[in-house]
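Asks: First, the structure itself, so that you have it in front of you.
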Amino acid sequence: MDRLRDKIVPVTAILLGIVAIWYVGAYLMNAPFQRDLDRRAGETPTFSEFVAKTMTQPKPTLPAPHQVAVNFFENTFLRKVTSARSLVYHAWVTLSSTLAGFALGTALGIAIAVGIVHVATLDRSLMPWIIASQTIPILALAPMIIVVLAAIGVTGLIPKALISTYLSFFPVAVGMVKGLRSPDMLHLDLMRTYNASGFQSLMKLRLPASVPYLFASMKVAVAASLVGAIVGELPTGAVAGIGAKLLNGSYYSQTIDMFSALLAGSLVAIMLVMTVDVVGRSVERAMGARPS
Amino acid sequence: MSTPRKMNLVDTAFQRVLLFLIIILTLLFYPLLEPPYLSGPGWQSVLILPLLAYIILVLVQRYRGTALPPVEMGVGLFLLAYVPICLSSLRGFDGEEAPRNYWTTVAACALAAWLLNDLLSGPKYRTGWRGTFAKFAVPAIFSLTLLFLWEVLVRAFNVPFVLLPPPSAIGVRIANSLPVLAADVNQTIFKAVFAGYAMGCAAGFVVAILADRFLFLRRGLLPIGNMVSALPIIGIAPIMVMWFGFDWQSKAAVVVVMTFFPMLVNTVAGLTAAGHMERDLMRTYASSYWQTLFKLRLPAAMPFIFNALKINSTLALIGAIVAEFFGTPVVGMGFRISTEVGRMNVDMVWAEIAVAALAGSVFYGVIALAERAVTFWHPSIRGG
Amino acid sequence: MNALASPTQPATATVTAPVIEATGLGLTFETGDGPVHALSNVDLAIGKGEFVSFIGPSGCGKTTFLRVIADLEQPTAGRITVNGMSPEEARRQRAYGYVFQAAGLFPWRTIERNVALPLEIMGYSKAEVAQRIARTLDLVNLTGFEKKFPWQLSGGMQQRASIARALAFDADLLLMDEPFGALDEIVRDHLNEQLLQLWDRTNKTICFVTHSIPEAVYLSTKIVVMSPRPGRVTDVIDSTLPKERPLDIRETPEFLAIAARVRDGLRAGHSYED
Chain A
488 MDRLRDKIVP
498 VTAILLGIVA
508 IWYVGAYLMN
518 APFQRDLDRR
528 AGETPTFSEF
538 VAKTMTQPKP
548 TLPAPHQVAV
558 NFFENTFLRK
568 VTSARSLVYH
578 AWVTLSSTLA
588 GFALGTALGI
598 AIAVGIVHVA
608 TLDRSLMPWI
618 IASQTIPILA
628 LAPMIIVVLA
638 AIGVTGLIPK
648 ALISTYLSFF
658 PVAVGMVKGL
668 RSPDMLHLDL
678 MRTYNASGFQ
688 SLMKLRLPAS
698 VPYLFASMKV
708 AVAASLVGAI
718 VGELPTGAVA
728 GIGAKLLNGS
738 YYSQTIDMFS
748 ALLAGSLVAI
758 MLVMTVDVVG
768 RSVERAMGAR
778 PS
Chain B
95 MSTPRKMNLV
105 DTAFQRVLLF
115 LIIILTLLFY
125 PLLEPPYLSG
135 PGWQSVLILP
145 LLAYIILVLV
155 QRYRGTALPP
165 VEMGVGLFLL
175 AYVPICLSSL
185 RGFDGEEAPR
195 NYWTTVAACA
205 LAAWLLNDLL
215 SGPKYRTGWR
225 GTFAKFAVPA
235 IFSLTLLFLW
245 EVLVRAFNVP
255 FVLLPPPSAI
265 GVRIANSLPV
275 LAADVNQTIF
285 KAVFAGYAMG
295 CAAGFVVAIL
305 ADRFLFLRRG
315 LLPIGNMVSA
325 LPIIGIAPIM
335 VMWFGFDWQS
345 KAAVVVVMTF
355 FPMLVNTVAG
365 LTAAGHMERD
375 LMRTYASSYW
385 QTLFKLRLPA
395 AMPFIFNALK
405 INSTLALIGA
415 IVAEFFGTPV
425 VGMGFRISTE
435 VGRMNVDMVW
445 AEIAVAALAG
455 SVFYGVIALA
465 ERAVTFWHPS
475 IRGG
Chain C
911 MNALASPTQP
921 ATATVTAPVI
931 EATGLGLTFE
941 TGDGPVHALS
951 NVDLAIGKGE
961 FVSFIGPSGC
971 GKTTFLRVIA
981 DLEQPTAGRI
991 TVNGMSPEEA
1001 RRQRAYGYVF
1011 QAAGLFPWRT
1021 IERNVALPLE
1031 IMGYSKAEVA
1041 QRIARTLDLV
1051 NLTGFEKKFP
1061 WQLSGGMQQR
1071 ASIARALAFD
1081 ADLLLMDEPF
1091 GALDEIVRDH
1101 LNEQLLQLWD
1111 RTNKTICFVT
1121 HSIPEAVYLS
1131 TKIVVMSPRP
1141 GRVTDVIDST
1151 LPKERPLDIR
1161 ETPEFLAIAA
1171 RVRDGLRAGH
1181 SYED
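Those sequence lines, one after another, are chains A, B and C.
Residue 488 is where the first sequence starts when you use my numbering, and the numbers rise one by one after that.
Residue 95 is where the second sequence starts when you use my numbering, and the numbers rise one by one after that.
Residue 911 is where the third sequence starts when you use my numbering, and the numbers rise one by one after that.
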């Protein structure tokens, strides 16, 4: 009951409000063009006819929510998943490179964090750069990676996955450095009284202690991975993927297609973050975290 | 655990003297200024190889935890002497066979840099002015080593220019294209990023205050705001380009949307940061909502707000640059990157990325400085 | 004062070499505000099977002394041996179990896995681990709680689990740093009673840091009174109480006499300073 009152009702109300504003916006933004059309055709529709017309343009400036919903539904459920017009197909293309890059990036991030925590030289050499690199618009590298790798004959999933790797390893590395350093002095002293080796401390203390940090940073990383994969699909005029769908839409002013591609991308993102969240929660529960 | 014999090899002061001697001798006898530089008389390998062995030995001993004489100065001098030799002799053999001793010298340089960093990471360089010095020197040495290896490897192995240009070529390109780069920075950063950043952050802040006033709004907006931060917002770029045209306005619009939600979420979280005791205190004064807001809750929220400002500085740059991939007038950093990539002028792309990195760091740095000034009372700042 | 700070007489009923022997031990921390003398010129010998309490106000170096025994701090002066070795060698041979102020159980491990932690690190076989878990949990009366996570236990039970963890690998020396400091009086009495029984059954040497006079007197065969700035030993009192100690022994005149002497020692340390 509390959940209903505190969360579901307000969120639904705000979402409905957004849809309402969207409809008003669609009317306002599509109206000038529609007025122009009507004037040329010499028609004088009533207000309600006019409103209906602004909601049914084939290439509206701002498509109405139901137009996007219909387009999304058709391209998701009514087409064969192997069809080039199926959103499932495009989402899968993007998702596969996202996941490959995310897995690689997470592994790399953990490895770097372990190195930083255990080797003082690495800590002092690398850590400032890892922090500084967070302030750098890394995504600007994406087109170059794609084109340069294409120039030496590497195309398809790998270049996109590399961009995703690049984007996802930073948050994981930073989060894991924090996590691996999170055990308090008491626990570290305890390991010392057992004369535990560095590797034993890592496996039995530092890694388990860093699990909450790992999943928190993986949530950021998986979202960044997806952005990397989408942007990676932009520069080459890739034929498949959510980014390619967006680019095509913008070439031919297919706004409805663009919005449903965006919707697909957002759903993939939410699905990915929620998956990481659920896995994280169940791992933490298995490790005895107090249920909240 | 190490044998006493091995310890003796590096554990005495005469080793240091020997190191200096080798360096001075090599400097005297290398034909530094005439090509082909490194191909001096054959007996010099007699000097180089023990030097390499010495450095490796010192590294191994360090990781075995043996005490060492202070060799920082010697290693530093060695780097100063040999790195220019290695770099200048590159001109002699682009793609040809390397001069005698070349790779051993390069390896000695890289290892010596590692050793120097290792020494500078030791307990002696943790506090005081030495600590401050090491804090900057270590990452600097690390990055110079990377640049050095990048330059040497790319040129020695004739890596295709398209794949990876040497850093020197990028440096030359930056120096030769300053006007173009300046115009791009002006278009992308001074117009699109700043306008969008200011509007997005301000809007996020205002909505956060509203959400704070009205509980219902807060409960509805916060989950949505948290969720949106995971979405690929950058995908709205082509739509914004369609709506607002090719010029900077469309990029600013992307930046507004990207920066709005982090600001909203962080400010709302920050406004709950003031403690119960302090809030009760304000209640005992019968202070009004706005008085409490300005005197207590906003100051307490500042660390959160600055966190959002910092996150947004990076997001804004990314947003503006990527939005330019979808269409711009013929100026702008994103435009330059995408067109020069098409023409295979990768040195220009790298130059643009270097400038973007610099701009991003400066932007972030300025905000971080402002944060230090505003939230000087916060433990994370006070504690140093 | 000199008489108070004199080195200890050989402990009662010990003929073997002392387990811990410190001579002229000193430890100075370098801080931003100048050196802090945590320990200064400490001479002490602890025999096998003794229960030694270290008592004194905060900053008197009692915890530091325990940490020096455990090789968690390195002395800057004097010498100390543990089982006739340097503390580092003793630590490498896993010569002692250490109980901290807080239970410090790993929250992601069940009680039995927490007790198993040192055994895993020291490479015991699976069967041996299982058997030792059962035995030590029984020693601290926690049988039946094997599968619980730390947060499902009360503070006193958590601290008992951490004692079980320290006992699991059967070191002859047990170092306890204010293990019951954070618990309430009633739980504390109960645990003190159990600790004495445990000491009686296992015949271990126990070093116990506390700042409670009754606790020190009740538990110990020897009480080391310390005072701060610089941290030093001001008195060493050999208890005359019998080995069998019910809780109400604390009302006997004998007990009160020892407690009074401890209090005098503490006061002497203070007047010396202020």
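Think of the CB as a built atom: it goes at the ideal place given N, C-alpha and C, for glycine as much as any other residue.
(1) Which class does residue 129 of chain B belong to by DSSP, given the choice of helix, strand or coil?
(2) Could you list which residues in chain A have their beta carbon closer than 7 angstroms to that of residue 1199 of chain C, in chain order?
(3) For chain B, is any of its Cβ atoms less than 8 angstroms away from the one on residue 624 of chain A?
(4) Assign residue 1034 of chain C to one of three DSSP states: helix, strand, or coil.
(5) So is residue 671 of chain A in contact with chain B if we call contact Cβ pairs under 8 angstroms?
(6) Closer than 8 angstroms is the cut-off here; do at least three beta carbon pairs connect the stretch 974-984 of chain C with the stretch 1085-1095 of chain C?
(7) Against chain C, does residue 691 of chain A count as a neighbour if the rule is that its beta carbon must be under 8 angstroms from one of theirs?
(8) Report all residues from its chain with a CB closer than 8 angstroms to the CB of residue 989 of chain C; omit the five preceding and five following residues, and keep chain order.
(9) Straight-line CA distance for residue 789 of chain A to residue 626 of chain A?
(10) What are the partner residues of residue 614 of chain A, as DSSP defines its beta bridges?
(11) Going by the beta-carbon positions, is the gap between residue 1028 of chain C and residue 1075 of chain C smaller than 8 angstroms?
(12) Taking 6 angstroms as the limit between beta carbons, can you name the residues of its chain near residue 702 of chain A, skipping five residues before and five after?
(13) Pull up the DSSP beta-bridge partners for residue 1008 of chain C, would you.
(14) Check each candidate in A/545, A/556, A/504 and name the one with the smallest Cα separation from residue 748 of chain A.
(15) Check distances from the C-beta atoms of the stretch 1020-1051 of chain C to those of chain A and list, in chain order, the residues that come in under 8 angstroms.
(16) When the distance is taken between beta carbons, is residue 521 of chain A closer than 8 angstroms to residue 499 of chain A?
(17) Please check the pair residue 1010 of chain C and residue 675 of chain A, which I expect to be a contact at CB under 8 angstroms, by giving their CB distance rounded to whole angstroms.
(18) Identify the continuous alpha helix (DSSP H) that holds residue 647 of chain A and give its terminal residues.
(19) Contact check, residue 428 of chain B vs residue 414 of chain B under 8 angstroms by CB: the rounded distance?
(20) Evaluate residue 125 of chain B with the Cβ neighbour count: other Cβ atoms within 10 Å of its Cβ, from every protein chain shown; 16 or more gives buried, anything less gives exposed.
(21) State the Cα-Cα distance for the pair residue 739 of chain A and residue 548 of chain A, rounded to the nearest angstrom.
(22) Between residue 1134 of chain C and residue 949 of chain C, how many whole angstroms is the CB-CB distance? I'm expecting something under 8 angstroms.
(23) Does residue 161 of chain B get closer than 8 angstroms to chain A when you measure Cβ to Cβ?
(24) Please confirm whether residue 432 of chain B has its beta-carbon closer than 8 angstroms to some beta-carbon of chain A.
(25) Under 7 angstroms Cβ to Cβ from residue 1120 of chain C, same chain only, skipping five residues before and after it: list those, please.
(26) Which same chain residues, not among the five before or five after residue 225 of chain B, have their C-beta less than 7 angstroms away from its C-beta?
(27) Comparing the C-beta of residue 677 of chain A with each C-beta of chain C, is any distance below 8 angstroms?
(28) Does any residue of chain B have a CB that is nearer than 8 angstroms to the CB of residue 579 of chain A?
(29) Any beta-carbon of chain A closer than 8 angstroms to the one on residue 1152 of chain C?
(30) Counting only Cβ pairs nearer than 7 angstroms, list the residues of chain A close to residue 278 of chain B.
(31) Assign residue 203 of chain B to one of three DSSP states: helix, strand, or coil.
(32) From what residue to what residue does the beta strand (DSSP E) around residue 710 of chain A run?
(33) For a test of the three-state rule: what should DSSP assign to residue 929 of chain C, helix, strand or coil?
(34) Look at residue 245 of chain B and residue 271 of chain B and say whether their C-beta atoms are less than 8 angstroms apart.
(35) May I have the straight-line CA-CA distance separating residue 633 of chain A from residue 729 of chain A, to the nearest angstrom?
(36) Kindly indicate which three-state DSSP category residue 1185 of chain C falls into: helix, strand or coil?
Replies: Result, derived from the coordinates:
(1) Legend: pLDDT at residue 129 of chain B = 47, less than 50; position of this residue unreliable, value from coordinates given subsequently. In this structure, residue 129 of chain B counts as coil in the three-state DSSP scheme.
(2) Beyond the ends of chain C as shown, which are 911 and 1184, falls residue 1199 of chain C; an answer cannot be given.
(3) yes
(4) Looking at residue 1034 of chain C - three-state DSSP - the assignment turns out to be coil, as it is neither helix nor strand.
(5) Residue 671 of chain A is outside the set of residues whose beta carbon lies under 8 angstroms from a beta carbon in chain B.
(6) With the cut-off at 8 angstroms, the stretch 974-984 of chain C and the stretch 1085-1095 of chain C touch.
(7) Yes - at least one Cβ of chain C is within 8 angstroms of the one on residue 691 of chain A.
(8) 932, 933, 934, 935
(9) Because chain A spans 488 through 779 in this model, residue 789 of chain A falls outside it and cannot be assessed.
(10) Beta-bridge pairing links residue 614 of chain A to no other residue.
(11) yes
(12) 767
(13) Note: residue 1008 of chain C sits in a beta bridge opposite C/1085.
(14) A/556
(15) If the cut-off is 8 angstroms between Cβ atoms, the stretch 1020-1051 of chain C has 1020, 1027, 1028, 1030, 1031, 1032 near chain A.
(16) no
(17) Not really, about 11 angstroms apart at Cβ, beyond 8 angstroms.
(18) Here the alpha helix (DSSP H) through residue 647 of chain A covers 644-667.
(19) 7 angstroms
(20) Bear in mind that a pLDDT of 48 at residue 125 of chain B, under 50, signals an unreliable position, so the number given afterwards is only what the model happens to contain. Answer is exposed; the Cβ neighbour count stays below 16.
(21) 12 angstroms
(22) With 8 angstroms as the limit, residue 1134 of chain C and residue 949 of chain C do not qualify as a contact, their Cβ atoms being about 12 angstroms apart.
(23) Note on residue 161 of chain B: pLDDT 49, under 50, position unreliable in the model; the coordinate value appears next. By this cut-off, residue 161 of chain B is not an interface position.
(24) yes
(25) 963, 965, 1088, 1126
(26) 219
(27) yes
(28) no
(29) no
(30) What residue 278 of chain B touches in chain A, judged by beta-carbon distance under 7 angstroms, is nothing: the nearest beta carbon there is about 12 angstroms away.
(31) helix
(32) Counting along the chain, residue 710 of chain A falls outside any beta strand (DSSP E), though it belongs to the alpha helix (DSSP H) covering 698-719.
(33) coil
(34) The answer is no: Cβ separation not under 8 angstroms.
(35) 16 angstroms
(36) The first residue shown for chain C is 911 and the last is 1184, placing residue 1185 of chain C beyond what the model contains.
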